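> All the letters of the first sequence, read from the start, carry residue numbers 3 to 134 under the working numbering.
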Amino acid sequence: MTTPPAASEIRKPPAVPFGLSVLQNRPDFLKANRAKRQAMPGFVLQARRRDPSELSQTPVRVGYTCSKKVGNAVARNRAKRRLREIARLVLPIEGQPGWDYVLIGRAGETARRPFDVLKADLHTALSRIHGA
RNA sequence: GCGGAUGGCCGGAUGGCCGCGGCCCUUCGGGGUCGAGGAAAGUCCGGACUCCACAAGGCGACGGUGCCGGGUAACGCCCGGCCGGGGCAACCCGAGGGAAAGCGCCACAGAAAACAGACCACCGCCGGCGUGCCGGCGGCCAGGGUGAAACGGUGGGGUAAGAGCCCACCGCGGGACGGGCAACCGGACCGGCACGGCAAGCCCCACCGGGAGCAAUGCCGAAUAGGGAUCUCGCGCCCCGGCAACGGGGACAGGGCGCCUUGCCCCAGAGAUCCGGGUAGGCAGCUGAAGGCGCGCGGCGACGCGCGUUCCAGAUGAAUGGUCAUCUCCGGCAGGUCCGCCUGCCGACGACAGAAUCCGGCUUACAGGCCGUCCGCGCAU
RNA sequence: CGGGGCGUAGCGCAGCCUGGUAGCGCGUCUGUUUUGGGUACAGAAGGUCGUGAGUUCGAAUCUCGCCGCCCCGA
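(1) Could you tell me which of Leu25, Thr67, Val92 sits nearest to Ala109, measuring between CA atoms?
(2) Just mark Pro16 as buried or exposed, buried being the case when its beta carbon has 16 or more other beta carbons within 10 Å.
(3) In the DSSP assignment, the alpha helix (DSSP H) including Ala81 goes from what residue to what residue?
(4) DSSP state of Leu25, grouped into three classes?
(5) Any idea what DSSP makes of Pro19, helix, strand or coil?
(6) For Gln40 versus Ala127, is the C-beta spacing smaller than 9 Å?
(7) Distance check for Arg80 and Arg63, CA to CA, integer angstroms please.
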């Protein structure tokens, strides 16, 4: 991660991440599902540039999906928490304004993968989506 | 010490940094406080609560429950007892009412499968002859390889031979009487023995059950479309009806489809204000609970009574987490050892599992560990 | 939150209600026919009846508990 020296104030992510809100409606997920996607060992990232006419409270929005394939309720919640954590740490810095992101949990790996590697996966996935 | 039975409990700990949800305070920077389970799970029962339906009672249908007594708001749950089965025992298991109300089934095998006999075989007497068979009469007992199950078992008397034919004991059925609230237990005496099993097949008997479910239900309520009322403006031509308001039909202007022509379609409303239904969404329901904990009393126990304590999640794409360190735990390797274990390194990242209206149960899942009680065997005293 | 259905041979299904023998089609294998293949004919193999208990002399079948899948309604 290349942290600019001038951006030292964002090394600690704020309690309420600036410009990050959570997707809550099914149509938003369905639209993201038809857009770009990038599969990583720990998760699948879907990304979509919103139409300018769409209303949004924040520039960047993110959603989480953990289906029954991930496992039982404990495994699903754990995967979702780890995805939330990496999103909280990475997306306010690297997320593009005007985009929706959806993180999809995978069985086993999302919960097992070392946290730093999972975080690096999101960094890699974002750079590939936005065409490096 | 070994093996076993059973009851209860815990189910990672502490700290740093960064976060999440509710509530409270705030000088809006923030601060304080609380925040998963014994099963939160499966959704198998029982309730609370809300709405709908409903005079009361009886009968019927359907579904459920089923030894007896008690506990409970209630239960299909729990406790205590009884009976049956298993185990040397501690203890465990049991949908455990009724088969002399009825219907149905009991394959194969077997002489016979439900009620009592027929059959084979056997015994006695008579007759015949090719001397161990045939025929007739009488007896019906024991026997008939089967089968899950078959006209009680043993011994004695009796008899031509036998048979509950008779007797004793056991079994079976009934049962005065006694004990127990009851299930049930004991049982004088009587009966020569008659009554197979399946009701988790139909059924009979007794008892219970109105339906739906917090996405219940109540309140507030956009945008867009549509409904109604009032007012204002407009309503040209032809035909029909009507006093009229107006209604029905047709064509033109105008508009739409189409590159154009032909052709087809629309052809009267528009605006403002108000009203009601109601979607998204929001709020209430929403956590104060037949609750937990402690003490005392009653009860064998389930549990009940009294006092104290004010403690204990309320999310809604859904909080209770991420990461690091130490300890603990698990596995592997190496070393040491007084064989109990200890030390170091590496690895896994900690069993089952995440509240969704609440409560009482049931069922199922569960690494590892702790405490207690009891039984059998062995050893020592 | 509530309701319903299905697990049987490699695949698709009967059999279950009314308990004793698990059967059909396709597929597989082996022969025959053909120069060979297909087709046709003949024969054979192949099933813990999802799982664990219970009732019964006996369970795919009856009862209960689990597991998996599918479909409805609010």
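For every residue, glycine included, the Cβ atom is placed at its ideal position computed from N, Cα and C.
This structure is a prediction, so every number in the text was calculated from the model and none was measured.
So, from the listed chains and residues:
(1) Translated into positions along the first sequence, residue 109 becomes position 107. Answer by Cα proximity: Thr67.
(2) Indexing the first sequence from 1 puts residue 16 at position 14. At Pro16 the pLDDT is 36, less than 50, meaning the model places this residue with poor confidence; the figure from the coordinates comes in the next sentence. Exposed, because fewer than 16 other Cβ atoms sit within 10 Å of the Cβ of Pro16.
(3) Against the first sequence, residue 81 aligns to sequence position 79. Looking at the DSSP string, the run of the alpha helix (DSSP H) that includes Ala81 is 75 to 96.
(4) Position 23 of the first sequence, counted from the first residue, corresponds to residue 25. Three-state DSSP puts Leu25 in coil, outside helix and strand.
(5) Working through the first sequence from its first residue, we reach residue 19 at position 17. The predicted model places Pro19 with a pLDDT of 40, which falls under 50 and marks its position as unreliable; any figure quoted below should be read in that light. Here Pro19 sits in coil by DSSP.
(6) For the purposes of this step, residue 40 is identified with residue 38 of the first sequence, where counting begins at 1. For the purposes of this step, residue 127 is identified with residue 125 of the first sequence, where counting begins at 1. Yes; because the gap between Cβ atoms is below 9 Å, this pair is in contact.
(7) Working through the first sequence from its first residue, we reach residue 63 at position 61. Working through the first sequence from its first residue, we reach residue 80 at position 78. C-alpha separation (whole angstroms): 21 Å.
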